Amino acid sequence: MEIAIALVLFVGMIASWLVLPSGTGVPTEAEHVSSALAEPA
Amino acid sequence: MDAINGADTAWVLVSTALVMLMTPALGLFYGGMVRGKNVLSTIMHSFFILALISVQWILWGYSLAFGPDKGGVIGGLEWLGLNGVGLEPNPDYAATIPHQAFMIFQMTFAVITPALISGAFAERKRFKSFVVFTLLWATLVYAPVAHWVWGVGGWIRALGALDFAGGTVVHIISGISALVCALVLGKRVGYGTEPMQPHNVTMTVLGTALLWFGWFGFNAGSALGSGTLAVSAFVATNTAAAMAALTWMTASWIRHKQPSVLGAACGAVAGLVGITPAAGYVTPMAAILIGFFAGAGCFIAVEMFVRGRVDDALDVFGVHGVGGVIGALATGIFATKTINPAGADGLLYGNPGQLVTQAIAVVVVALYAAGVTWVLLKLVDLVLGLRVTKEEEERGLDVSQHGEVAYQS
């Protein structure tokens, strides 16, 4: 059971990388709260 | 007298050194995420705590946390100044290593826990207030909670809650306390209206790599021996960190259209946090699932619930608080005695009560940490003032608090 879910998650993520954009080329890094709030409130 | 095992002692000492390295690594992790004018002050928070709590632990911290039990809530003062804590094993805690080896290993946990909180008040807290708060917090929050969960006679330990390496003792209390700190201190000047970009993501990734490395000591070292349990915890630790890094990066890629380096780093830390309470109780497959839940859960918490509402400057609550809760509850789901006969079975192995026990421990510890942290902050604010002035904040804490600058222009 656990191995089936783990496999689906892992393979699913890899598949998603293949279809996601490879980058916008715009430095909009927003992982972190500091930079995420670069936009005016 | 119990016999000292050389391999066990060597592994615990190596693990102690690994965990010690995590605190300056945390300084790099946090230091890269602040603005350049605050990098030294941020690194100093971690580096200084390493020295401060090292001495506090020897003098009274260890005795309060692990000393002879007083009513299930605190250790006694019998071991003050390491009185009676010698080189013979203490079978109550670790039968095959010198008692001082166990003590110094535990010290590294006491050191990193308040250092984790420092990410929440980065870029705006007065240094002397930070020192006093940290000392009080380590004494009145960390030591009692460590006793409840790990100390012989501690009431949460007696309840049967599982916390292999500090999901509750380290991450939940630091994460919740960080949230309280962020709320009490308030937002940084310019928060939400001006850019506050991480000034050096390279530094953050280096810090992450060193944290990951040190975490092998944190979790596998918590086996307190060099046998199979340490190996199992080591495998689970690496597996969860890796899965969480992939998960956070994928989530941020979907949301922000780019595979973020900082996202992969934050994800790895979230996975390490999530697996901490479970490391010595779960299978590698469960570690993958815990890594996934920690990566996804912390990402959602940071991106959708905390960010913009509270200035938890370096996402301590979102990663350590939420990750710690996920890990603690996951332990109640995935734990199995086939990995650790001294542990317990979780929900998936026919024991739903373990999940309830884990939840009770989470709630009580979180409430206690939040309440005492709030009181301590108010007291320190009353006596010393928590925040630097607006001018000092705008100038940067490196210059205003330490009279130094990190980078010469």
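Respectively, the protein sequence lines represent chains A and B.
Going by my numbering, the first residue of the first sequence is number 1, and it counts up by one from there.
Going by my numbering, the first residue of the second sequence is number 1, and it counts up by one from there.
Just so you know, even glycine gets a beta-carbon here, dropped at the ideal spot from N, CA and C.
Predicted model, so just to flag it, every value in this text is computed and none were measured.
Item: Close Cβ partners of B/LEU136 (< 6 Å) along its chain, the five nearest in sequence each way excluded; Value: LEU376
Item: Reduced DSSP category for B/LYS37 - H, G, I as helix; E, B as strand; rest coil; Value: helix
Item: Min CB distance B/LYS37 to chain A below 8 Å; Value: no
Item: Cβ neighbours of B/GLY346 in the same chain (closer than 6 Å, five flanking residues each side left out); Value: GLY332, ILE333, PHE334, ALA335, GLN354
Item: Listed by chain order, chain B residues near A/ALA6 by CB distance under 7 Å; Value: MET285, ILE288, LEU289
Item: Expected contact under 8 Å - CB spacing of B/GLY327 and B/VAL273 to nearest Å; Value: 6 Å
Item: Under 8 Å between C-beta atoms of B/GLY217 and B/VAL19; Value: yes
Item: Cβ of A/LEU18 within 8 Å of any chain B Cβ; Value: no
Item: Chain A contact for B/ILE254 (CB, 8 Å cutoff); Value: yes
Item: Which residues DSSP lists as bridging B/LYS378, in chain order; Value: BP columns for B/LYS378 are empty, so no partner.
Item: Every unbroken alpha helix (DSSP H) within the segment 80 to 159 of chain B, with a cutoff of 4 residues, ordered by chain; Value: 99 to 117, 127 to 137, 143 to 150, 155 to 159
Item: CB contact check: A/PRO40 to chain B, cutoff 8 Å; Value: Because A/PRO40 carries a pLDDT of 39, less than 50, the predicted location of this residue cannot be relied on, and no value is offered for it.
Item: Simplified DSSP assignment, three categories, for A/ALA30; Value: Legend: pLDDT at A/ALA30 = 47, less than 50; position of this residue unreliable, no value from coordinates given.
Item: Amino acids of chain A, ordered along the chain, whose beta-carbon sits closer than 7 Å to that of B/PHE292; Value: LEU9
Item: B/HIS147 beta carbon less than 8 Å from that of B/ALA65; Value: yes
Item: Counterpart residues of B/GLY75 in DSSP-defined beta bridges; Value: B/ASP69
Item: Inter-residue spacing [alpha-carbon to alpha-carbon] between B/PHE213 and B/ALA3; Value: 30 Å
Item: Where B/LEU246 meets chain A, residues with beta-carbon distance less than 7 Å; Value: MET13
Item: Residue span of the alpha helix (DSSP H) that contains B/GLU303, given as start and end; Value: It is not in any alpha helix (DSSP H) - B/GLU303 carries neither H nor E in the DSSP assignment.
Item: B/ALA251 vs B/GLY323 beta-carbon contact at 8 Å; Value: no
Item: Close beta carbons around A/SER34, own chain, < 7 Å, minus the five adjacent residues each side; Value: With a pLDDT of 47 at A/SER34, under the threshold of 50, the modelled position of this residue cannot be trusted, and the question is left open.
Item: DSSP state of B/ARG188 mapped onto helix, strand, coil; Value: coil
Item: Chain-ordered residues of the segment 109 to 131 of chain B with a beta carbon less than 7 Å from chain A; Value: none
Item: Buried versus exposed call for B/PHE293 [16 or more other C-beta atoms within 10 Å across all chains shown]; Value: buried
Item: Local Cβ density within 10 Å of B/MET22, reported as buried at 16 or more and exposed below that; Value: buried
Item: Contact the segment 101 to 116 of chain B vs the segment 363 to 376 of chain B: 3+ CB pairs below 8 Å; Value: no
Item: Limits of the alpha helix (DSSP H) - the one that B/GLN401 falls within; Value: 397 to 402
Item: Close beta carbons around B/LYS337, own chain, < 8 Å, minus the five adjacent residues each side; Value: GLY343, ALA344, ASP345, TYR349
Item: Cα-Cα separation, B/VAL399 to B/PHE48; Value: 17 Å
Item: For B/ARG309, the three-state DSSP class (helix, strand or coil); Value: coil
Item: CB contact below 8 Å: B/THR42 versus chain A; Value: no
Item: Closest residue to B/VAL55 among B/SER118, B/LEU80, B/VAL189, B/GLY267 (Cα-Cα distance); Value: B/LEU80
Item: Whole-Å CB distance - B/SER232 paired with B/ILE339, under 8 Å assumed; Value: 6 Å
Item: Contact list for the segment 332 to 347 of chain B against chain A, Cβ threshold 9 Å; Value: PHE334
Item: Contacts that B/THR202 makes with chain A (C-beta to C-beta distance below 8 Å); Value: Those do not exist, as B/THR202 stays about 13 Å from chain A at its closest Cβ, beyond 8 Å.
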